[in-house]
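Novice: Handing you a structure now.
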Amino acid sequence: MSEFFSWRRSTRTQGQGQCVEVGFAENAVGVRDSKNRPAGHLAVELAQWRAFLKRIKGECGQR
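For the sequence shown, the positions run 1 to 63 when UniProt numbering is used.
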């Protein structure tokens, strides 16, 4: 799997560090626990990530 870069976390965490981070590679997205980075990450294809975001935005509303 490609190396991920630009790991980001939500600005809504308010500095508590209890969140997930997402990182992007050429054709994939990684998701990891910000409290346990050494545990690794879950990687999904970019198309799957986009479908996931589309689904949750449709169910939860645009924020």
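We put the beta carbon where it would ideally sit given N, CA and C, even for glycine. Fair warning: this is a prediction, and the values are worked out from it, not measured in the lab.
1. My output table needs one value for F52: the three-state DSSP class, helix, strand or coil.
2. How long is the line joining the alpha carbons of G40 and R32, rounded to whole angstroms?
3. Please report the distance separating the alpha-carbon of M1 from that of E59.
4. Measure from the alpha carbon of R50 to the alpha carbon of each residue in P38, N27, N36, C19, then state which is nearest.
5. Go through its chain and collect everything with a Cβ distance to W7's Cβ below 8 Å, but skip five positions before and after it.
Specialist: Let's see:
1. helix
2. 7 Å
3. In this prediction, M1 has a pLDDT of 47, which is less than 50 and means its spatial position is unreliable; what the coordinates show is noted afterwards. Approximately 30 Å between the Cα atoms of the pair.
4. N27
5. E21, V22, G23, G30, R32
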